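Take 49 as the starting number for the sequence shown in this note's numbering and just add one per residue. Here is the structure we will look at, set down as structure tokens.
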Amino acid sequence: MKILVCISHVPDTTSKINFTENDTKFDTNGVQFVINPYDEFSLTRAMWFKEKQGATVTVVNVGNAATEPTLRKALAIGADDAIRVNAEATDGLFVAKQLAEVVKNGGYDLVLAGRESIDYNGGMVLGMLAALVDFNFVNGCVGIEVEGTSVSLTREIDGGNEIHSSSLPMVVAGQKGIVEESDLRIPNMRGIMMARKKPLTIVEPVEVSNATRARSYEKPAPKGAVKLVAADNIDELINLLHNEAKVI
49 MKILVCISHV
59 PDTTSKINFT
69 ENDTKFDTNG
79 VQFVINPYDE
89 FSLTRAMWFK
99 EKQGATVTVV
109 NVGNAATEPT
119 LRKALAIGAD
129 DAIRVNAEAT
139 DGLFVAKQLA
149 EVVKNGGYDL
159 VLAGRESIDY
169 NGGMVLGMLA
179 ALVDFNFVNG
189 CVGIEVEGTS
199 VSLTREIDGG
209 NEIHSSSLPM
219 VVAGQKGIVE
229 ESDLRIPNMR
239 GIMMARKKPL
249 TIVEPVEVSN
259 ATRARSYEKP
269 APKGAVKLVA
279 ADNIDELINL
289 LHNEAKVI
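Here it is, written out as structure tokens:
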């Protein structure tokens with residue numbers, strides 16, 4: 049089984065976020081980038097398939113050279129090889145079309161990634177990718193088993209889980225539950241040294257017109273001062289909630 053794991057290069061959640069050029073560009077100075085956490089869950093599950101079933105695991109990212117340390121970390125975790133599509137990840141459809149070319153050219157049986165990236169939280173790329181390559185698709189996956197070409201999946205829904213049966217080839221968007229946080233792997237020194245020798249292929253992007261563009265960014269408004277209301281002053285509390293907070 050050939051597995052492709054899509055990796056997003058995202059800011060660490062503890063990073064301080066700023067914008068430049070009149071709030072039109074994200075300021076990367078001083079920002080630590082990491083593997084998208086949802087993607088890391090799916091990568092860890094791919095490693096299980098490699099170790100238990102002899103699968104080969106390729107990781108892919110759409111990005112410039114700055115994303116290569118993130119791909120190298122995925123190689124250090126245990127992926128066999130990596131592909132970087134040499135383009136800025138501009139919008140969801142652009143990324144999906146670049147990944148679709150990689151899938152078509154690589155003959156992959158299973159494509160794994162996180163349900164969304166923690167920077168844009170769009171949650172759209174894998175659904176579009178599945179449509180572009182005509183693969184079966186399951187979102188919000190918290191469990192997956194593969195036997196031959198048959199796939200058993202557990203998907204999280206409101207109030208519980210759904211059990212699905214499908215078949216390869218397919219695209220699966222995973223999240224916590226597909227593995228647990230305690231299962232995530234920290235690269236050891238041997239893995240880091242081996243990662244330096246593993247192939248990282250750079251491919252040029254296919255020409256795609258962007259469907260959207262970001263015009264500007266803004267931070268959430270700072271929190272206002274706390275107003276204390278006496279426990280017996282219900283009328284004042286209702287007035288503040290209705291006229292100032294506008295939540296009722």
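Beta carbons: idealized from backbone N, C-alpha and C, even for Gly. In this text the structure is predicted, and so the values were computed from the model without any measurement.
Over what stretch of residues does the alpha helix (DSSP H) that includes residue i continue unbroken?
i, result
"Ala221", "Run containing Ala221: none in the alpha helix (DSSP H); it sits in the beta strand (DSSP E), 218-222."
"Arg238", "237-243"
"Ile286", "282-287"
For residue i versus residue j, is the C-beta spacing smaller than 8 Å?
i, j, result
"Glu266", "Asp71", "yes"
"Ala243", "Leu123", "yes"
"Gly162", "Gly222", "yes"
"Val274", "Val133", "no"
"Ile131", "Val150", "yes"
"Phe183", "Asn258", "no"
"Ile55", "Val107", "yes"
"Val277", "Phe89", "no"
"Val82", "Thr115", "no"
"Leu177", "Val219", "yes"
"Leu180", "Ala148", "yes"
"Val194", "Asn209", "no"
"Ile296", "Leu289", "yes"
"Asp167", "Pro59", "yes"
"Gly154", "Leu52", "yes"
Let me know the secondary structure DSSP gives residue i once reduced to three states.
i, result
"Thr115", "helix"
"Phe183", "coil"
"Pro268", "coil"
"Lys98", "helix"
"Glu229", "helix"
"Leu276", "coil"
"Arg203", "strand"
"Val143", "helix"
"Gly154", "helix"
"Ala161", "strand"
"Glu88", "helix"
"Asn291", "helix"
"Lys121", "helix"
"Glu193", "strand"
"Gly175", "helix"
Exposed or buried, residue i, counting other C-beta atoms within 10 Å across all chains shown (16 or more means buried)?
i, result
"Asp280", "exposed"
"Gly207", "exposed"
"Pro217", "buried"
"Ala144", "buried"
"Ser165", "buried"
"Met95", "buried"
"Lys121", "buried"
"Asp87", "buried"
"His57", "buried"
"Arg261", "exposed"
"Ile211", "exposed"
"Arg238", "exposed"
"Gly140", "buried"
Whole-angstrom Cβ separation of residue i and residue j, contact assumed at under 8 Å?
i, j, result
"Val105", "Asp128", "5 Å"
"Ser213", "Ser200", "6 Å"
"Ala103", "Met49", "4 Å"
"Ile125", "Pro235", "6 Å"
"Glu204", "Gly175", "About 16 Å separates the two Cβ atoms, so there is no contact after all."
"Gln146", "Pro253", "5 Å"
Residue range of the beta strand (DSSP E) that residue i falls in?
i, result
"Asn134", "129-134"
"Thr249", "248-251"
"Asn209", "208-215"
"His57", "57-59"
"Val82", "81-83"
"Val254", "Counting along the chain, Val254 falls outside any beta strand (DSSP E), and DSSP gives it neither H nor E."
"Ile51", "50-54"
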